[in-house]
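Asker: Numbering (my numbering), first residue to last: 396 to 509.
#1: Between which two residues does the beta strand (DSSP E) containing residue 422 stretch?
#2: Who are the Cβ neighbours of residue 507 in its own chain at under 6 Å, not counting the five residues just before and after it?
#3: So, using beta-carbon positions, are residue 478 and residue 438 closer together than 8 Å?
#4: Looking only at C-alpha atoms, which of 447, 440 and 451 sits nearest to residue 401?
#5: What does the alpha-carbon distance come out to for the pair residue 455 and residue 496?
#6: Go ahead and label residue 482 buried or exposed: buried means 16 or more other beta carbons lie within 10 angstroms of its beta carbon, across all protein chains shown.
#7: My output table needs one value for residue 417: the three-state DSSP class, helix, strand or coil.
#8: Using three-state DSSP, classify residue 442 as helix, strand or coil.
#9: Which of the three DSSP states is assigned to residue 454 in this structure?
#10: Under a three-way DSSP split, which group does residue 509 fall into?
#11: Are residue 424 and residue 458 closer than 8 Å when you measure CB to CB?
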């Protein structure tokens with residue numbers, strides 16, 4: 396995982412202006428949240444490994460919005476998106492996805508969690 400100085404500054408500037416941070420993918424979520432955990436809630440340049448497991452009732456420090464695919468049932472990634480959006484909301488989206496024939500997993504359809 397790595398956050399450059401330019402990325403850290405862009406995130407801080409976005410926050411200062413009242414903007415939201417949109418993560419593209421769950422790896423980005425884990426990276427950004429790991430950086431915040433290592434720097435008392437701030438985003439700063441960082442490089443390293445993480446063992447962060449995000450699950451409810453995790454309080455997100457950086458990420459506000461997530462673009463991700465529909466993950467497999469019983470996966471840690473499904474647990475992560477449930478921490479962000481709430482379990483019932485995610486299950487409702489998944490039921491809709493199944494009913495509409497959405498594709499799941501890595502090359503499937505995407506969802507925007509706001």
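Glycine included, every Cβ here is placed at the ideal spot set by N, Cα and C.
Answerer: From the atom records:
#1: According to the DSSP assignment, residue 422 belongs to no beta strand (DSSP E) but to the alpha helix (DSSP H) extending over 421-433.
#2: Its chain contains 462 as the residues whose beta carbon lies nearer than 6 Å to that of residue 507, once the 5 sequence neighbours on both sides are disregarded; these appear in chain order.
#3: At a Cβ-Cβ threshold of 8 Å, residue 478 and residue 438 do not count as neighbours.
#4: Residue 401 has its Cα closest to that of 440, out of 447, 440 and 451.
#5: Using only the alpha carbons, I get a separation of about 31 Å.
#6: The C-beta of residue 482 has fewer than 16 other C-beta atoms within 10 Å across all chains shown, which makes the residue exposed.
#7: For residue 417, the secondary structure class from DSSP, reduced to helix, strand or coil, is strand.
#8: DSSP places residue 442 in strand when its eight states are reduced to three.
#9: Coil at residue 454, not helix or strand.
#10: Residue 509 carries a coil assignment under DSSP once its states are collapsed to helix, strand and coil.
#11: Yes, the Cβ-Cβ distance between residue 424 and residue 458 is below 8 Å.
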